[in-house]
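Below is one structure, written out as structure tokens; comments come after it.
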Amino acid sequence: MTTESASAPVGFIGLGNMGAPIARRLLEWPGGLTVCDVRPEVIEPFVAAGARAVAEPAQVAEHARIICVTVIDDAQVTEVLTGAAGILRTAAPGTVVAVHSTISDRTAQELAARCAEHQVEFVDAPVSGGAPGATQGRLAVMVGGSADAVDRIRAPFGCFADLIVHAGPVGAGTRMKLARNLLHFVSFTATTEAQRLAEAAGISLTALGKVVRHSDAVTGGPGAIMLRDTTAPIEPDDFWFPILGHVRDLGEKDLSLALELGDRLDVDLPLAQLAVARLAEGLGVAHPVLDKETS
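Put into structure tokens, the structure is as follows:
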């Protein structure tokens with residue numbers, strides 16, 4: 001990290017549910033903070049805390065050399081960068097634009113090309129951890145971009161994140177975020193299925209929630225099995241084979257018991273059916289008998 005990047009002025013565009021708590025962490029950044037949002041009422045607390053406020057993204061670029069963008073969607077991100085009052089109208093060469101919004105990886109690549117025409121670095125930098133993570137300074141940031149750009153943003157990003165991962169070139173941060181959120185929302189859907197089963201069985205849903213949060217805090221939840229660097233089948237003499245084989249055996253047993261309970265209570269459990277069918281292969285420890293039947 002250079003001395004320049006350690007004190008570069010930072011700009012922040014978009015002070016919504018995620019943007020505001022991230023930007024609040026940047027109020028302590030020694031290079032100063034410039035903020036921009038279409039709603040004057042959300043800007044006022046930042047001005048009171050010492051930030052500079054401007055009306056347009058182009059004005060942010062007049063003051064900042066690292067600019068964070070947290071708006072709603074691809075169209076808004078594109079407008080903020082390339083519109084008539086956009087960042088690229090005034091951004092100095094060498095400026096880094098970091099987009100925290102979850103957009104298409106193709107949009108990220110297209111915008112990076114537009115930025116390169118102005119000698120501006122673009123990184124897609126979606127975050128994970130929600131508003132509580134931002135408030136606590138404990139976000140995870142998945143960054144797609146050049147190594148130089150990632151090095152320049154590490155210090156200011158450290159104000160709001162305690163994990164910064166360089167996922168690869170532009171677009172890779174977004175692809176990592178999409179994979180992460182696939183797990184997130186499929187898990188939420190599985191949660192609704194588990195709640196239906198528990199409710200039909202006369203189990204307190206709030207008590208079940210306490211158990212889930214408690215045990216996931218200890219075991220790490222789904223992330224506990226995300227330790228290998230490949231999804232390829234595991235050889236029997238591999239270190240991971242007995243470990244994930246044990247996970248497979250426990251999972252198939254418990255899923256089968258849950259499906260049997262669901263049958264008795266007339267509760268449809270489609271995700272559980274899919275899980276029991278695909279768990280072994282997904283873990284890389286498919287049953288030999290199943291291999292023969294499908295070959």
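Residues in the sequence shown are numbered from 1 upward in steps of one, following full-length UniProt numbering.
Ideal Cβ placement from N, Cα and C applies to all residues, glycine included.
Q: Helix, strand or coil for F160, going by three-state DSSP, please let me know.
A: Coil, per DSSP.
**Q.** Whole-angstrom C-beta distance between T95 and A61, which should lie under 8 Å
**A.** So it is a contact: roughly 6 Å between Cβ atoms.
Q. Within 10 angstroms of its Cβ, does I72 collect 16 or more other Cβ (buried), or is it exposed?
A. Counting of Cβ neighbours within 10 angstroms places I72 among the exposed residues, the total staying below 16.
Q) For L265 versus A200, is the C-beta distance shorter than 8 Å? A) Yes, the pair counts as a contact, with Cβ atoms nearer than the cut-off.
Q. Pick from A224, T191, W29: whose alpha carbon is nearest that of T210?
A. Just to set this straight, residue 210 is Lys in the shown sequence, not Thr. Answer by Cα proximity: T191.
Q: Please work out which residues of its chain come closer than 6 Å, Cβ to Cβ, to residue 300, disregarding the five sequence neighbours upstream and downstream, and give them in chain order.
A: Because the chain in this structure spans residues 1 to 295, residue 300 falls outside the shown range and cannot be described.
Q.
Taking the straight line between their C-alpha atoms, what separation do you get for V54 and V150?
A. Cα to Cα, V54 sits roughly 26 Å from V150.
Q: Measure the Cβ-Cβ separation of A280 and A286 and say whether it is below 8 Å.
A: For the pair A280 and A286, the CB atoms are nearer than the 8 Å cut-off.
Q. So L182 is in the beta strand (DSSP E); what residue range does that whole segment cover?
A. Note, L182: premise wrong, no beta strand (DSSP E); alpha helix (DSSP H) at 172-200.
Q: Apply the 10 Å Cβ neighbour rule to V127 and answer buried if 16 or more other Cβ atoms are within range, or exposed otherwise.
A: Sixteen is the threshold: when 16 or more other Cβ atoms of the shown chains lie within 10 Å of the Cβ of V127, as they do, the residue is buried.
Q. Distance, Cα to Cα, P9 vs V141?
A. Taking C-alpha positions only, P9 is separated from V141 by approximately 20 Å.
Q | Contact set for R180: own chain, Cβ-Cβ below 7 Å, skip 5 residues either direction | A | Counting only Cβ-Cβ distances below 7 Å, and skipping sequence neighbours, we find S128.
Q. Can A58 and G86 be called in contact, C-beta distance under 8 Å?
A. Yes, they are a contact pair.
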